[in-house]
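Taking it in order: structure first as structure tokens, then the write-up.
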Amino acid sequence: MMRQKRAVAYLAVEAMAWSAFASHRRVARSTRDSYRSLASTVARAPFSDVRPVGDFDYYERMEHFAASGRFDLSAGDGTLRPEEDTATFNGAMWLLARRTYWNDPSQPPPRASVEWTRAEAFYLQRAIRPNFQWSWDGATDQYAQFRQLIRQSNDKYRSALSDLGLALGNHVLSAIDASISLRLEQRRIAATRQYRLRVEIPVDLGR
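Per numbering that gives the first Met the number 0, residue 0 is the first one in the sequence shown, and the count goes up by one each step.
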């Protein structure tokens, strides 16, 4: 009887966990779609008609930097001139590249030098390209809404992961409980057989 009650409890917990997981994941995805759409129509629209969806890290960067900055400040002569405004994401990446590879971040080495080449490669690997450029300039309210949606989506995804952990942990615990109960039952049966008394009564049939 106790085993049956525990089994019912395990099933109830697992059903509740899976239901919560589905709900939290659904809200997380819906909120994610909302902040992606808001970023596309407000922050990215001025720079490109083709606005591919970014990965998770892209929108996380957007949460922390109100503008990506330009990828290349040159006049199109084929020589890369990275963004210099350190308040933007690209500018911050170029500053980090200079601090990492140049002897003096404020004094550029020759372009053919190893220092410049490595800093440029660092920038090229991390900088935001033109079709992903963004700026929330003049859209303070929408930027605040975007950041709130990001946090809400992340919170729901974390809740979904917790629900998933609960469901899987409960499933494992239920299996362990069932295994232990089975072994105890087998031992009980074996002990009963071992100590069972066998009684023999002789009967004279007159033969």
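For every residue, glycine included, the Cβ atom is placed at its ideal position computed from N, Cα and C.
When you compare only the Cα positions, how much space is there between residue 150 and residue 32?
Start at 1 with the first residue of the sequence shown, and residue 150 comes out as number 151. Start at 1 with the first residue of the sequence shown, and residue 32 comes out as number 33. Roughly 13 Å separates the two Cα atoms.
Exposed or buried, which one is residue 30 when buried takes at least 16 other CB atoms within 10 Å?
Position 31 of the sequence shown, counted from the first residue, corresponds to residue 30. It counts as buried.
Quick check: the Cα distance between residue 121 and residue 115, rounded to an integer number of angstroms?
Against the sequence shown, residue 121 aligns to sequence position 122. Against the sequence shown, residue 115 aligns to sequence position 116. Approximately 10 Å between the Cα atoms of the pair.
If you drop the 5 nearest sequence neighbours on each side, which residues of the same chain put their C-beta closer than 8 Å to that of residue 144?
Working through the sequence shown from its first residue, we reach residue 144 at position 145. The beta carbon of residue 144 sits closer than 8 Å to the beta carbons of 37 from its chain, once the five residues preceding and following it are set aside; these are given in chain order.
Mind checking who residue 134 pairs with in its DSSP beta bridge?
Within the sequence shown, the letter at position 135 stands for residue 134. BP columns for residue 134 point to 66.
Pick helix, strand or coil for residue 120, following the three-state DSSP scheme.
Here the question's residue 120 lines up with position 121 in the sequence shown. Three-state DSSP puts residue 120 in a helix.
Would you kindly report the start and end of the unbroken alpha helix (DSSP H) that includes residue 46?
Against the sequence shown, residue 46 aligns to sequence position 47. Segment: none, residue 46 is in no alpha helix (DSSP H) and carries neither H nor E.
So what's residue 149 in DSSP terms, helix, strand or just coil?
By 1-based counting over the sequence shown, the position of residue 149 is 150. Correct three-state label for residue 149: helix.
At what residue ranges does the segment 65–95 contain a whole run of the alpha helix (DSSP H), taking only runs of 4 or more?
none
Quick one: what's got a C-beta closer than 6 Å to residue 91's C-beta in the same chain, skipping five residues either side?
If you number the sequence shown from 1, residue 91 lands on position 92. If we look at residue 91 and ignore the five residues flanking it on each side, its Cβ neighbours are 85.
Give every residue of the same chain whose Cβ lies closer than 6 Å to the Cβ of residue 165, excluding the five residues on either side of it in the sequence, and list them in chain order.
Stepping through the sequence shown from its first residue, residue 165 is reached at position 166. Only 16 meet the Cβ criterion.
Apart from the five residues on each side of it in sequence, which residues of its chain come closer than 8 Å, Cβ to Cβ, to residue 23?
Residue mapping note: residue 23 aligns to position 24 of the sequence shown, counting from 1. Contacts found: 155, 156, 158, 159, 162.
Cβ atoms of residue 35 and residue 133: under 8 Å apart, would you say?
Position 134 of the sequence shown, counted from the start, is the residue given in the question as residue 133. Position 36 of the sequence shown, counted from the start, is the residue given in the question as residue 35. In this structure, residue 133 sits away from residue 35, with a CB-CB distance that is not shorter than 8 Å.
Based on Cα-Cα distance, which residue from 174, 55, 87, 108 lies nearest to residue 153?
In the sequence shown, counting from the first residue as 1, residue 153 sits at position 154. Among 174, 55, 87, 108, the Cα nearest to that of residue 153 belongs to 55.
Give me the Cα-Cα distance between residue 104 and residue 57, rounded to the nearest whole angstrom.
Locating residue 104 in the sequence shown gives position 105, counting from the first residue. Locating residue 57 in the sequence shown gives position 58, counting from the first residue. Their Cα atoms are separated by approximately 26 Å.
Taking DSSP as the reference, what is the three-state secondary structure of residue 39?
Taking the sequence shown and counting its residues from 1, one reaches residue 39 at position 40. The answer is helix: DSSP assigns residue 39 an H, G or I state.
From residue 20 to residue 45, what distance separates their C-alpha atoms?
Reading the sequence shown from its first residue, position 21 is the one you call residue 20. Reading the sequence shown from its first residue, position 46 is the one you call residue 45. When rounded, the distance between both Cα atoms is 38 Å.
Test item: CB-CB of residue 118 and residue 100 under 8 Å
For the purposes of this step, residue 118 is identified with residue 119 of the sequence shown, where counting begins at 1. For the purposes of this step, residue 100 is identified with residue 101 of the sequence shown, where counting begins at 1. Yes, the Cβ-Cβ distance between residue 118 and residue 100 is below 8 Å.
Please classify residue 81: is it buried, with 16 or more other beta-carbons within 10 angstroms of its beta-carbon, or exposed?
Counting from one through the sequence shown, the residue named residue 81 turns up at place 82. The residue in question, residue 81, is buried, as its Cβ has 16 or more Cβ neighbours within 10 Å.
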